[in-house]
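Below: the structure, in structure tokens.
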Ligand SMILES: Nc1ncnc2c1ncn2[C@@H]1O[C@H](COP(=O)(O)OP(=O)(O)O)[C@@H](O)[C@H]1O
Ligand SMILES: [Mg+2]
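Residue numbers (the working numbering), protein chains in the order written: chain A, 1 to 228; chain B, 1 to 218.
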């Protein structure tokens, strides 16, 4: 184990073509999917958290339920839709980076929506009452609400990114973990461990844990700011 | 200016039953009453924050109503940016802040202001706008004597100059004596007195008002 760890550290420091490719693909998939989820999810969360309309509660429950959707189920869904015989088979997206991003977006949007909804519903009554009293309407109220939620938006982004980086079920199913193409950190760990070559797996594990640590430190710092 | 009769019911319990009223522009109308008598509910209905029963609109026309809630909310920005929110006019914003003696807090985050400072910020923020009706829900509740005096001066001046309808919810008998032209008195959601402030205070018609005023007199 010690030699595996040493080798892993040497690998990280020395860098290898395959390792950097895996990191690049991971960065591309996770950064894109978390950002797209944020862009779609934040406005929905703002709306759900601040406006009362018919079916709002139902949507909140659905969003919270989807948040717990197993990544494998999401992967299966996309696999069936985009496989050769599926309705979207002709787009030939299966086993590409694009469909990995798409599957992760669907997986992560509910997390963004629920997170924002919970926060916004706590502040929205006061913000709306104040804005209304000042004669502000429509979009300006949402801009104010978003401005009040800036730290929460950052925190939510970090959580979304953390989920994307650590997720394996969906990306392995729709991406296929093809070396030099769709292999990300989590799928690579599985692949190399199954082959009995631990070095790359341990190296990737170390990097993943470091990312997770950094994200959590950031979230903690932001939440400290939030609670003030 | 005519205001329709409105009622408000929460979970089968009617907490407010107001008759149609006529407010005169350029006059300050105080609203008094014990805790839970319905003052805030009435203010919120006038401001359009809360819907009256049957979705009855308080005003017939499209009068613009400015409203300062009982609890002022500081937006996550500087005090100056808070004041300079509805119309962008920095010079006027600073002028208003000077009137309320909060100009030295211009660059400070509004979230870090004290209760009385936050209330003055909210008042300045509201007075930046032009409204036909202004509803203030206990604006001086958390202010010290000096800030209260500045606020009362501003309210009186703004009301005369702008010729707007000014509705001032307050707990202070002295404040009513100092600034109010008219007075509404609420008791358990009912309007039990209404008329010129001096007359209502000197010769209340209902026993409940007398008792309440005696208490305040202490
Ligand atoms: N959202 C609400 N749901 C239920 N009851 C309410 C609500 N808002 C106010 N009330 C009730 O209405 C009554 C009047 O409240 P309020 O107008 O705030 O009184 P005041 O401002 O005169 O102290 C109180 O008994 C209060 O409990
Ligand atoms: Mg009140």
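The beta carbon of each residue, even a glycine, is placed where N, CA and C say it ideally should be.
Check, Outcome
"Residues of chain B with a CB under 9 Å from the CB of residue 18 (chain A): which are they?", "Chain B residues near residue 18 (chain A): none, gap ~46 Å exceeds 9 Å."
"Consult DSSP for residue 203 (chain B) and reduce its assignment to one of helix, strand or coil.", "coil"
"Alpha carbon to alpha carbon, what distance is there between residue 99 (chain B) and residue 218 (chain B)?", "For residue 218 (chain B), the predicted model reports a pLDDT of 49, less than 50, meaning its position is unreliable; a value from the coordinates is still stated below. Using only the alpha carbons, I get a separation of about 32 Å."
"Looking at ligand 2, does it come within less than 7 Å of residue 125 (chain A), judged from the CB to the closest heavy atom?", "no"
"Does the separation of the CB atoms of residue 82 (chain A) and residue 88 (chain A) fall below 8 Å?", "yes"
"For a contact meaning CB atoms closer than 9 Å, what does residue 47 (chain B) contact in chain A?", "129, 132 and 133"
"Indicate, with yes or no, if ligand 1 has a heavy atom lying under 7 Å from the CB of residue 82 (chain B).", "no"
"In chain A, what lies closer than 7 Å to residue 85 (chain B) by C-beta?", "134"
"Could you check whether the Cβ of residue 15 (chain B) sits closer than 7 Å to any heavy atom belonging to ligand 1?", "yes"
"Which residue wins for smallest C-alpha separation from residue 146 (chain A), given the options A:162, A:159 and A:117?", "A:117"
"According to a CB-to-CB cut-off of less than 8 Å, which residues of the region 144-160 of chain A neighbour chain B?", "144, 147, 148 and 150"
"Less than 8 Å between C-beta atoms, sequence neighbours within five positions excluded: which residues of the same chain meet that for residue 29 (chain B)?", "23, 165, 166, 167, 168, 180, 181, 182, 183 and 184"
"Listed in chain order, which residues are found with a beta carbon closer than 7 Å to a heavy atom of ligand 2?", "B:39, B:40, B:70, B:137, B:138 and B:169"
"Please give the ranges of any beta strand (DSSP E) in the region 95-157 of chain A, keeping only runs that are unbroken, at least 3 residues long and fully inside the region.", "none"
"Please tell me whether residue 126 (chain A) has its Cβ less than 8 Å away from any Cβ of chain B.", "yes"
"Excluding sequence positions up to five away, which residues of its chain have a Cβ less than 6 Å from the Cβ of residue 7 (chain A)?", "199"
"Does the separation of the CB atoms of residue 137 (chain B) and residue 70 (chain B) fall below 8 Å?", "yes"
"For a cutoff of 8 Å on Cβ pairs, would you count residue 68 (chain B) as touching chain A?", "yes"
"Can you check which of these residues, A:19, A:60 and A:136, is closest to residue 183 (chain A) by C-alpha distance?", "A:19"
"Excluding sequence positions up to five away, which residues of its chain have a Cβ less than 7 Å from the Cβ of residue 11 (chain B)?", "none"
"Let me check one thing: in DSSP terms, what residues is residue 30 (chain B) bridge-paired to?", "B:168 and B:183"
"Beta-carbon separation of residue 174 (chain A) and residue 67 (chain A) under 8 Å?", "no"
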